[in-house]
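Residues in the sequence shown are numbered consecutively from 1005, following the numbering used here.
C-beta atoms are modelled at their ideal positions from N, C-alpha and C, and glycine is treated no differently.
Here the structure is a predicted model, which is why all the values come from computation and not from measurement.
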Amino acid sequence: MDRRNIKITFILGCTGGGKSALARALAPRIGAEIISVDSMKVFRRMDIGTAKPTPEQLAATPHHLIDVVEPSEDYSVAEFVRDSEKAVADISARGKEVLCVGGTALYIKSLSEGLFEGPSADEEIRDRLKKRAVESGIDALHGELRKVDPEAADRIHPNDQRRIVRALEVYELTGQPITELQTQWNKERTVYDCTFLGLRREKEEENRRANARVKSMVERGLVEEVRSLWAETPPMSTTARQALGYAELIEYLEGRVELEEAIENIKINTRKFSKAQRTWFKRFRQTRWIDVQPDATADGLAEYVADMEGMAWSK
């Protein structure tokens, strides 16, 4: 079947904005299954900090691309595209609607428009950049990226050495920012018949929800979860260690900050991450945004979305 004839719906929005709750409430109403578009929910046992669905929620609604690899492993965007394309084909072949839900913008873009390959890796350049990261610190490398590609610096976490090195490598190889190249790739073309639905809240409400989310995670055992993962052998991969909420608490476990400071840093970095997400989401110009009120419920939003015209399931 031509993939351009397969309808998939992306539900996007900032972290903690209610995307997953909406998807779980919407799925049974429209006969859908959910594909997680989240670069950290793929890791097993990273449950609280990634706001992973509970076993009961997973049993009630089929989810895909959750608990795919061990925290000691890396998981690339290419692997995500490969695995999610298999899931899309499987779901659509069984006559179900496909809901792709998450806030990892690069995953959304790569699944909907195809994978951005970029120039081939240059090991000499990579080794040199990695050596500088060790000698001068990753912050210095991130600062260098900000000079040549501020948009990429906004969306790449300051501790994400792999992506910082790749962005600087691409710039050195091509003379162009990776952001510019990604903007040009497959512009205005989608691999599938895609619909984009976004949840949007007032910034103050987003911040309030983010702070409450972090508080709830800590109360539910986030520190203990990170401590357990941090002690595992083999150790957590660089990618897993950089996950929001995990990176800050690993700093605490390694004695570099106090617990209260680590928790405050999670709140600060969550707000920064939301800002980067908003920047990325501007690329999806065809998104139908819903301005969500503070008192809105997942069931109420699901009823509204299920009845929207022009959606994949609309008759």
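Rounded to the nearest whole angstrom, the C-alpha separation of Leu1016 and Pro1066 is 19 Å. Restricting attention to alpha helix (DSSP H) runs no shorter than 4 residues, the stretch 1019–1084 encloses them at 1023–1034 and 1059–1064, ordered along the chain. Leu1133 has its alpha-carbon roughly 12 Å from the corresponding atom of Val1174. The three-state reading of DSSP puts Trp1234 in helix, counting H, G and I together. Going by DSSP, Trp1284 is part of the alpha helix (DSSP H) stretching over Leu1263 to Phe1285. In this structure, the beta-carbon distance from Leu1226 to Ile1052 falls below 7 Å.
By the Cβ neighbour-count rule, Gly1202 is buried, with 16 or more other Cβ atoms within 10 Å of its own. Beta-bridge pairing by DSSP links Trp1293 to Gly1202.
Cα atoms of Val1046 and Tyr1250: separation of roughly 14 Å, rounded to the nearest angstrom. By the criterion of at least three beta-carbon pairs nearer than 8 Å, the stretch 1080–1096 is not in contact with the stretch 1251–1259. With respect to the C-alpha of Ala1247, the residue from Ser1096, Tyr1079 and Arg1007 having the closest C-alpha is Tyr1079. Apart from sequence neighbours up to five positions away, the residues of its chain that approach Pro1123 with a beta-carbon distance below 7 Å are Val1174, Leu1177 and Thr1178, ordered along the chain.
The alpha-carbon separation between Glu1060 and Ser1318 amounts to approximately 29 Å. In the structure shown, Glu1255 adopts helical secondary structure according to DSSP, grouped into three states. In this chain, the alpha helix (DSSP H) harbouring Ile1112 covers Ala1109 to Glu1117. DSSP, read as helix, strand or coil, puts Ile1015 in strand. A direct Cα-to-Cα measurement between Asp1158 and Val1073 gives close to 27 Å. Looking only at Lys1100, Ser1140 and Glu1210, the smallest Cα-Cα distance to Lys1023 is reached by Glu1210. Met1315 and Ala1235 have their C-alpha atoms spaced approximately 46 Å apart.
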